[in-house]
Every structure is written in structure tokens, then in C-alpha cells.
Amino acid sequence: MKNPWEEIPLADYENHMKLDSVRQLQAMNEMMKGQFDAYSVSSVMILGIAGGNGLEHIQKNKFEKVYGIDINSAYLEEVIHRYPDLDGLLQCLCINLINETDKLPKAELVIANLLIEYIGYECFQKAIQRVAPNYVSCIIQINMEDSWVSDSPYLHVFDGLDQVHHQMEEQALEKAMFEIGYHTIKTAERILPDGKKLVQIDFER
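In terms of the numbering used here, the sequence shown opens at residue 233 and continues consecutively.
Pasting the structure below:
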């Protein structure tokens, strides 16, 4: 069975995420600048890179390697098209994190934004153990109301995600990371206009 993320058009996803009533694309872009700049590392892996939102904040004199991981090959092609200036630095890999974690390379920093919701804590643990980063920076969505997908003209594009979505809890993520040897070093949150908030939690090994 195909993962629903393989069939969601990137334009629909991004247009939904940047609506004034949602504003997740904009908030994540700002937060990602901080994620890239926070730690003294030379390699970073972005799990669930989608269309590459935030990559313009990459400092080319800081990183020797940037890995972009996604299950959707069309997303990765678009990332390469959008960021030609990262040629030679950015390597995009089409990997299903549910059952292909053995294909992941090593990196010093892992960024996973709005990703754990779609693979679950256990698969995320396996991915992190494989990559073995010194730091992990995650952004999860906390729903303060019942619906986890904001109302928009693109709503039905996401219908298939119900079958793979996991409700996130900050304490549960911290517990899962502690089990594999990572402790929390930073938390931050951003309130969104639609009764949701983005919570950033950073971990160190």
C-alpha cells in the first residue's frame, strides 16, 4: 500500500500550509533558521524535507553536507530545482522511514519538523539510532482543538493521512528520546492562528 504522502501534490500541501488561517509554512521557515544556526555541526539531515522550506537559511560556509530525506521523489526533485546554489552540498535521498531506516547516512544534526506525526515514536527512534546525531531538533504540532488538519480549500487532499497520523505529546516524545540516550536541552513554542501550536524540542546525546 502506498503511503499517502507519495500522492499529495506539493503545491496543494504548500498552498494549504501558507494560508493566512494556517501560517505553518511561514512559522516553520523562521524556526528553521534557528535550528540550522543553533549548534556547532558540519552535517545536517532534514527528515521529511517536502519542498525544502527553510533551506535558504543554510550557511554554506558552516555545513559540509546537507541531507534531504523524503518519501516523495517528486518533492525531492523540486527541492533540487529550487536550490541550485546548494549543488554539491545538498544530497536528496528518497527513503521510506517506516521500513528503510538502514539506508540513512550519518549526520551530526537531525531536523525533523512535522514528521514524527506520520511515522510514530518507534520508527523515529530507529531513524535516530541509525543516523546517530549529536543533536536532534524536532517541531511537533499540538492541537488545542479537535481537528488536526486546519480547514482550507485543500482539506480533502489530506484525507488519506488519517491512516498514518499519530497524535503528538511533548512528554511522550521526550520519553521516547530518553529511551535511546537523548536528553532535552531546549523547548520553544509558536502559537498559530487556527487553534494549534508548534512546539520545538531539541535533544542532545
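In this text, a Cβ means the ideal position worked out from N, Cα and C, and glycines have one as well.
Option nearest residue i by Cα separation, candidates the options
i	options	result
P236	T416, S272, N328	N328
L279	M409, S369, T419	S369
G286	S275, S274, R314, N304	R314
G283	D252, Y271, Y245	Y245
G320	H289, E349, F295	F295
Y350	H248, H397, N247	H397
T333	E238, E239, A359, S305	A359
A270	L251, L393, I290	I290
D394	G352, I281, P316, L341	G352
C326	L318, E309, P316	E309
P241	P425, L318, D391	D391
R422	E262, L251, K292	E262
D426	D252, I348, P365	D252
A364	I348, Y414, M260	Y414
H248	F410, L424, V389	V389
Residue i and residue j closer than 9 Å at C-beta
i	j	result
L346	Q256	yes
E307	L322	Residue identity differs from the one stated: residue 307 is Tyr in this sequence, not Glu. For Y307 and L322, no; Cβs fall outside 9 Å.
Q357	A408	yes
A339	S275	yes
C324	I312	yes
I374	C355	no
M277	I301	yes
Y367	L336	no
K297	D317	no
Integer Cβ distance of residue i from residue j, believed to fall under 8 Å
i	j	result
I433	L387	With 8 Å as the limit, I433 and L387 do not qualify as a contact, their Cβ atoms being about 28 Å apart.
M400	I371	About 10 Å separates the two Cβ atoms, so there is no contact after all.
E436	I417	5 Å
I303	E238	6 Å
CB contact check: residue i to chain D, cutoff 9 Å
i	result
E238	In summary, chain D is missing from the structure at hand, where a single protein chain is found.
What runs of the beta strand (DSSP E), each 3 residues or longer, lie entirely inside the stretch 325-363? Listed in chain order, the beta strand (DSSP E) runs fully inside the stretch 325-363 are 341-345, counting runs of at least 3 residues.
So does the stretch 256-265 actually touch the stretch 422-430, counting three or more Cβ pairs closer than 8 Å? Using a C-beta cut-off of 8 Å, the stretch 256-265 makes contact with the stretch 422-430, since at least three inter-stretch Cβ pairs fall below that distance.
If you scan the stretch 257-314 from start to end, which runs of the beta strand (DSSP E) of 3 or more residues do you find wholly inside it? As far as the stretch 257-314 is concerned, its whole beta strand (DSSP E) runs of at least 3 residues are 275-279, 297-302.
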